[in-house]
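A quick write-up on the structure given underneath.
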Amino acid sequence: MTDRELQALDVLDDVGQKLLFTEARTANTFAAKAVYDHELAMIWELARWSPSAANSQPLRALFVRTREGKERLVRHLDEGNRAKTLSAPAVAVLAYDVDFHEQMPSVFPARGDVLRAAFAHQAETRQNLAAYSSALQTGVFLLAVRAAGLAAGPMAGFDKAGVDEEFFADTSWRSHLVVNIGHPGTDPWFPRLPRVPIEDAVAWA
Ligand SMILES: Cc1cc2nc3c(=O)[nH]c(=O)nc-3n(C[C@H](O)[C@H](O)[C@H](O)COP(=O)(O)O)c2cc1C
Numbered sequence: 009m010t011d012r013e014l015q016a017l018d019v020l021d022d023v024g025q026k027l028l029f030t031e032a033r034t035a036n037t038f039a040a041k042a043v044y045d046h047e048l049a050m051i052w053e054l055a056r057w058s059p060s061a062a063n064s065q066p067l068r069a070l071f072v073r074t075r076e077g078k079e080r081l082v083r084h085l086d087e088g089n090r091a092k093t094l095s096a097p098a099v100a101v102l103a104y105d106v107d108f109h110e111q112m113p114s115v116f117p118a119r120g121d122v123l124r125a126a127f128a129h130q131a132e133t134r135q136n137l138a139a140y141s142s143a144l145q146t147g148v149f150l151l152a153v154r155a156a157g158l159a160a161g162p163m164a165g166f167d168k169a170g171v172d173e174e175f176f177a178d179t180s181w182r183s184h185l186v187v188n189i190g191h192p193g194t195d196p197w198f199p200r201l202p203r204v205p206i207e208d209a210v211a212w213a
């Protein structure tokens, strides 16, 4: 392949790297400034390009924006997480769909019927695949929140069975993460915690 034929990909500039990675923080308080539906839609429109196993896309999101909705949600959160969610203008309850295989014909047209039939009788495999791929999609979702100029506060400290009963009864959605979304409020960050250095985390071959 000549240099001329090579497809050069863009490199994210410094501003983008800071926004998405090096200066992005987990917010613990939120300003009383609205988050609009079109911003939440933008987050999803970006996040949905995440890779997933066999393009299965098991991630689902419930956007909770009303006072009533937040009160239904906070009952199931760990005590220390409740005030954060009440102060956030929007909250995403992220879930995975254990029946994602039903959509395989539309998301993987070449082999969708075969994959749907193969997964139909493998509930445990579907559960494992959905949990793993939705976790990857969730990382992309958090970057999408940041790309929309908003701060995210992910929280796993909640009663998942309780949230599922409250919002997803009689559905195939299973909650796995609550993400507070908004503009940072007063004193929003905890002190930055150290990251594992490259020497301890990366091997080379
Ligand atoms: C899977 C997951 C679960 C988390 N659960 C909670 C939680 O229950 N409550 C909380 O206050 N923060 C929670 N956090 C936030 C982390 O503590 C925070 O992202 C981490 O310390 C890094 O902070 P920083 O982004 O400001 O550097 C969670 C984050 C993730 C990704």
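Everything in the sequence shown is counted per the numbering used here, starting at 9 for the first residue and increasing by one. Just so it is clear, CB atoms sit at the ideal spot from N, CA and C, and this is done for glycine as well. If you're wondering where the values come from, they're calculated on a predicted model, not measured in any experiment.
Quick one: measure Cβ to Cβ for residue i and residue j, integer angstroms, because I've assumed they're closer than 8 Å.
{"i": "L231", "j": "I189", "result": "A query on residue 231 cannot be resolved here, the shown segment of the chain reaching from 9 to 213 and no further."}
{"i": "H184", "j": "L102", "result": "6 Å"}
{"i": "E110", "j": "R124", "result": "7 Å"}
In or out: residue i buried (at least 16 other Cβ within 10 Å) or exposed?
{"i": "N36", "result": "buried"}
{"i": "P202", "result": "exposed"}
{"i": "K26", "result": "exposed"}
{"i": "Q112", "result": "The displayed chain sequence assigns Met, not Gln, to residue 112. The residue is buried, with at least 16 neighbouring Cβ atoms inside 10 Å."}
{"i": "F127", "result": "buried"}
{"i": "R182", "result": "buried"}
{"i": "V8", "result": "Any property of residue 8 remains undetermined from this structure, which presents the chain solely from 9 to 213."}
{"i": "V82", "result": "buried"}
{"i": "L17", "result": "exposed"}
{"i": "R200", "result": "exposed"}
Check residue i in the structure and name its three-state DSSP category.
{"i": "N188", "result": "strand"}
{"i": "V99", "result": "strand"}
{"i": "A118", "result": "coil"}
{"i": "M112", "result": "helix"}
{"i": "T133", "result": "helix"}
{"i": "L14", "result": "coil"}
{"i": "L20", "result": "coil"}
{"i": "R68", "result": "strand"}
{"i": "F176", "result": "coil"}
According to DSSP, residue i sits in a beta bridge with which residue or residues?
{"i": "W181", "result": "D105"}
{"i": "P162", "result": "V187"}
{"i": "F198", "result": "Answer by DSSP bridge pairing: none, since F198 is not bridged."}
{"i": "A62", "result": "According to DSSP, A62 bridges with nothing at all."}
{"i": "T34", "result": "A160"}
{"i": "L85", "result": "F166"}
Counting only beta-carbon atoms, is residue i nearer than 8 Å to chain B?
{"i": "P205", "result": "Annotation note: the requested chain B is absent from the structure, which comprises a single protein chain."}
Rank the options by C-alpha distance to the C-alpha of residue i and give the top, closest one.
{"i": "A155", "options": "Q15, A16, L20 and R12", "result": "L20"}
{"i": "P196", "options": "A160, V171, D11 and A164", "result": "A160"}
{"i": "R134", "options": "A62, A118, V148 and P205", "result": "A62"}
{"i": "A32", "options": "T179, P162, Q65 and D178", "result": "P162"}
{"i": "D178", "options": "D107, N136 and F149", "result": "D107"}
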